[in-house]
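In case it helps, the numbering used here puts the sequence shown at residues 448 to 917. Cβ atoms here follow ideal geometry from the backbone N, Cα and C, with glycine treated the same way. Everything below concerns the one structure shown next.
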Amino acid sequence: MNEILDPLALARWQFGLTTIYHFLFVPITIGMVTVTAVFQTAWYRTGHVKYLQLTKFFGQIFLINFAMGVVTGIVQEFQFGMNWSDYSRFVGDVFGAPLALEGLLAFFFEATFIGLWIFGWDKLPRKIHLLTIWATAFGSIVSAYFIIAANSFMQNPVAYQMNEEKGRAELTNIWELLTNPVALAAFPHTIFASFMVAAGLVITVSAWHLARNQHLETMRPALKFGLWVMIGAGILTTLTGDQLSLAMVATQPMKMAAAEATYQTVCGAQASFSLFTLGTPDGTSELFSIRVPYLLSLLSTHTFDGCVEGINDLQTQYTAAFGPGDYAPTIWITYWAFRWMIGLGMLHVLVAVVGLWLTRGGRLPKNKWVWKAAIWSFPLSLAAMIVGWIFAEMGRQPWLVFSLLKTEDGVSPGVTGLEVLISIVAFTLIYGILAVVEFKLIKKVAQKGPADAPEPHPETGLIEPSTTVY
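Here you go:
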């Protein structure tokens, strides 16, 4: 019973589950606001009414998702005080600056311009109104950067000094914190992956309508746009992921070793990339693996003769530096999360490549299974981002703040397992209801499709947008 009601285990489960749930909305919001801005720009520049229809159509999906993201994000703040008070006390002085900038600057900036965009259709000049949606997109991206900068301190602590009397880290240089090498590498990787998620949503919705031979004038260009963005964003996500892996090797070599299930330090041809590995039950050695020679060395050091430190050697180093303990994360989670992240993302790009080939020359496939594959492909990029987040956070274990604070030392000392369990049940019920509401709202909007093209103004002959988005 004590194991079931372990406050540390339950607090970790709660934070993981609620964060994953909230993270479902983040990449869709970042990606869809940019998609909306691109379509509105196309309408502004060309005057083609189909782009106005697409702007309002995908704008509705963006707004629904944004609202749900705000609601679920509020819970994240409460968890720091409820379940992780010792962690909050330790990093509060460092986290205060980027989180304040995110809330007071980026989020309010974003929220303000969302309001101007929603209510300014017939009140603002077209160019100014267009700028409001781009300002919203800019605010969402800047907001993401501040969050990533805060998280990167947990991966690679910089710009701090320890106050031994108060037992906490204190910020010394905000600029150094915001230019953490891990943040600079993780930020573009996250943003481009978010564009993949948004492109996947555009592909799915467009394919659903085209499979039914409806809204052809709007959904044809939307599908093409989604397919091209998926491929472009996929390439950029891969390139930025390579840079992030270099930062990871430099700052958290144990995470890279766990991602490859590399137990012994290897160099050159021996530093091979594992496609599949089985280890001993105690996780100290390898039993069987399928490997690609040199590839791990190339990915980790950009050379064919570089060395990659192994789990066992790093364990010895960390024990000498930090004292007795197990400093390796759960190997099977990091190993497979790393591969699922890559595999799911590449599969979605492959769907886009095949889709471009099948729709070349303005043609549309007749085979219903092609459309089914396009429609059901949406979760691929989103799932890749989720398992990528799991890899990043689980690969850091047993540290909350790498080399400074262990996870077991960050939990609130006064919280009981029963209290955390009750809150998990409550959050699960609430989030379950919100999930149903979110899904039904987006499904209703997506299946309805774009509104009919507005009639030209009787005197000017110009297309005038309606005053509302819905």
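Do residue j and residue i count as a contact pair if the criterion is CB distance below 7 Å?
i      : j      : result
GLY802 : LEU674 : yes
VAL858 : PRO604 : no
ALA484 : ALA584 : yes
VAL644 : LEU829 : yes
LEU618 : VAL538 : no
PRO635 : THR559 : no
VAL629 : THR698 : yes
GLY835 : MET788 : yes
PHE509 : VAL480 : yes
THR766 : ALA705 : no
VAL872 : ILE678 : no
GLY827 : LEU805 : This sequence places Leu at residue 827; Gly is not what is there. Their beta carbons are not under 7 Å apart, which means LEU827 does not touch LEU805 by this criterion.
ILE778 : ALA708 : yes
GLU549 : SER599 : no
PHE838 : PHE769 : no
VAL892 : GLN507 : yes
In whole angstroms, what is the alpha-carbon distance linking residue i and residue j?
i      : j      : result
GLY516 : HIS469 : 6 Å
ASN512 : THR519 : 11 Å
THR914 : GLY567 : In this predicted model, THR914 has a pLDDT of only 44, less than 50, meaning its place in the structure is not dependable; the value taken from the coordinates is given anyway. Taking the straight line from one Cα to the other gives about 7 Å.
VAL676 : ARG573 : 26 Å
LEU452 : THR863 : 8 Å
TRP783 : GLY842 : 11 Å
PHE751 : PHE720 : 12 Å
GLY681 : PRO860 : 44 Å
THR854 : PRO845 : 6 Å
LEU577 : LYS503 : 12 Å
VAL916 : ILE561 : The predicted model places VAL916 with a pLDDT of 45, which falls under 50 and marks its position as unreliable; any figure quoted below should be read in that light. In a straight line, the C-alpha of VAL916 is about 11 Å away from that of ILE561.
VAL649 : LEU761 : 44 Å
CYS714 : TYR774 : 22 Å
LEU876 : ASN627 : 38 Å
LEU881 : PHE849 : 34 Å
GLU866 : GLY543 : 27 Å
LEU571 : MET793 : 42 Å
GLN461 : LEU868 : 8 Å
LEU743 : GLU840 : 21 Å
TRP514 : ALA820 : According to the sequence displayed, residue 514 carries Ala and not Trp. Rounded to whole angstroms, ALA514 to ALA820 spans 29 Å at the Cα level.
VAL798 : ASP856 : 45 Å
Count the other CB atoms within 10 Å of the CB of residue i; is the residue buried (16 or more) or exposed (fewer)?
i      : result
ASN890 : A small fix is needed here, since residue 890 is Lys in this sequence, not Asn. LYS890 should be labelled exposed.
MET609 : exposed
ASN530 : buried
ALA458 : buried
TRP823 : exposed
GLN602 : buried
ARG492 : exposed
THR763 : exposed
HIS662 : buried
GLN487 : buried
PHE886 : exposed
VAL945 : Since the first residue of the chain shown is 448 and the last is 917, residue 945 is not available in this structure.
ILE580 : buried
ALA547 : exposed
GLU611 : exposed
TRP816 : exposed
Leaving out five residues before and five after residue i in sequence, what residues of the same chain have Cβ atoms less than 7 Å from its Cβ?
i      : result
ALA833 : Here the sequence assigns Ile to residue 833, which means Ala is not the residue at that position. Cβ within range, chain order: ILE467, PHE470.
ILE475 : ASN512, VAL644, ALA645, LEU648
TYR434 : Any question about residue 434 goes unanswered here, given that the chain covers just 448 to 917.
Among residues of its own chain, excluding the 5 on either side of residue i, which ones have a beta-carbon nearer than 8 Å to its beta-carbon?
i      : result
SER747 : SER692, LEU693, VAL696, MET703, ALA718, GLY753, VAL755
THR465 : THR519, VAL522, GLN523, GLN526, PHE874, TYR878
For residue i, collect the residues of the same chain with a Cβ closer than 6 Å to its Cβ; drop the 5 residues on either side in sequence, then sort them by chain order.
i      : result
THR665 : LYS497, GLN500, LEU501, PRO897
TRP818 : ALA654, ALA658
THR651 : ILE822, PHE825
So, under 8 Å CB-CB, residue i and residue j are touching, yes? Tell me the CB distance rounded to an integer number of Å.
i      : j      : result
ILE594 : ALA633 : The pair is not a contact, with the Cβ atoms about 10 Å apart (cut-off 8 Å).
TYR534 : LEU851 : Not confirmed; about 11 Å, so no contact.
SER587 : ILE477 : 5 Å
PRO545 : LEU624 : 7 Å
7 Å is my cut-off, CB to CB: does residue i come that close to chain B?
i      : result
PHE462 : Although the question refers to chain B, the structure presented lacks it and comprises just one protein chain.
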